[in-house]
Amino acid sequence: MTSSPSFPYSTKPNSLRKFLEQVPRKPRPNKVNADTLKAWDLKDNNDQTIIRVLKALELVGTNNEPTEKYTEFMTPGKGPGVLGQAVKQVWGALFELSHEPHKEDEGTLRNYFNIHSGGSEATIGHQIQTFKAACDFADFSAAAVGNASRTQPSMGVSPAGVGGSGAGNNAVIHIDLHIHLPENKSRRDYEYMFEDIAKYIYGRGSIGTSNE
């Protein structure tokens with residue numbers, strides 16, 4: 000057990016919950032400071048201790064301006080995954096002890112924090128509750144699969160298989176494509192995209208229409 004806290008914490012964890020809950024519903028502020036918190040009905044002086052947690056999560060910069068990650072957290076559907084990734088970075092040591100540390104009981108979590116952090120019993124309690132507050136708005140499954148983008152698998156192609164013109168040539172071309180697909184498209188829309196890619200790279204016609 001170390002003598003001082005290793006993890007960020009707020010003395011008002013419920014205020015962190017209230018702030019994170021409001022982020023997707025409010026305009027992006029120019030600064031996250033005492034005035035912003037008061038405008039968001041967080042008027043206690045101790046509420047300002049959530050700012051150091053937001054900085055540790057990289058939602059707020061050193062100049063108290065919201066970061067790009069803050070903007071991503073505002074995005075419906077994407078935000079919880081963004082926060083999940085941030086939580087794993089800040090409290091990574093806990094995720095080395097448990098797949099889902101946020102679901103562990105109080106005694107188990109206190110043991111984890113005693114191993115990797117420090118401070119008085121009250122401070123350890125604040126660290127635990129701060130961690131839980133952040134986890135309440137995080138999606139760790141989205142963080143694991145990279146919810147922000149989708150990636151197509153690599154494609155290996157031999158020129159001998161393109162139009163029959165590569166006979167006798169044993170060279171192989173490996174093409175590694177990483178395609179970020181837009182959402183809200185139909186299956187046919189995606190097929191058209193891949194047809195265009197095939198035409199551009201291989202000089203082929205429609206997928207599945209070869210007369211070979």
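Numbering (numbering that gives the first Met the number 0), first residue to last: 0 to 211.
Glycine is no exception: its CB is placed at the ideal position from the N, C-alpha and C atoms.
Restricting to Cα atoms, I'd like to know which of the options is closest to residue i.
i, options, result
"Ser-5", "Glu-194, Ser-140, Phe-139, Phe-130", "Phe-130"
"Gly-76", "Pro-23, Leu-15, Leu-19", "Pro-23"
"Asn-63", "Trp-90, Leu-53, Thr-70, Lys-17", "Leu-53"
"Asn-44", "Ser-9, Asn-113, Tyr-111, Gly-124", "Ser-9"
"Thr-74", "Lys-25, His-125, Ser-97", "Lys-25"
"Tyr-111", "Ala-121, Ser-119, Glu-95", "Glu-95"
"Ile-127", "Glu-67, Asp-138, Thr-107", "Thr-107"
"Lys-87", "Ala-137, Gly-60, Gly-78", "Ala-137"
"His-125", "Asp-46, Gly-78, Phe-139, Leu-19", "Asp-46"
Quick one: what does DSSP say residue i is sitting in, helix, strand or coil?
i, result
"Pro-65", "strand"
"Gly-106", "helix"
"Val-81", "helix"
"Gln-151", "Confidence at Gln-151 is low in this model, with a pLDDT of 41, below 50, so the placement of that residue should be treated as unreliable; the coordinate-derived value is given next. Gln-151 falls in the coil class under three-state DSSP."
"Thr-60", "Reading the sequence as shown, one finds Gly at residue 60 and not Thr. The answer is coil: DSSP assigns Gly-60 none of H, G, I, E or B."
"Gly-91", "helix"
"Gly-76", "coil"
Using beta-carbon positions only, say whether residue i and residue j come within less than 7 Å of one another.
i, j, result
"Tyr-69", "Leu-56", "no"
"Pro-65", "Arg-16", "no"
"Ala-85", "His-115", "no"
"Leu-41", "Ser-14", "yes"
"Ser-97", "Glu-103", "yes"
"Gly-83", "Phe-139", "yes"
Which residues bound the alpha helix (DSSP H) around residue i?
i, result
"His-125", "120-134"
"Lys-54", "49-55"
"Asn-13", "12-21"
"Ala-38", "33-38"
Would you grab the beta carbon distance between residue i and residue j for me? Rounded to a whole angstrom, and I think it's under 8 Å.
i, j, result
"Val-31", "Ile-50", "6 Å"
"Pro-12", "Val-89", "Not a contact, Cβ separation roughly 14 Å."
Taking 7 Å as the threshold (beta carbon to beta carbon), is residue i in contact with chain C?
i, result
"Asn-13", "Here there is only one protein chain, and chain C is not present."
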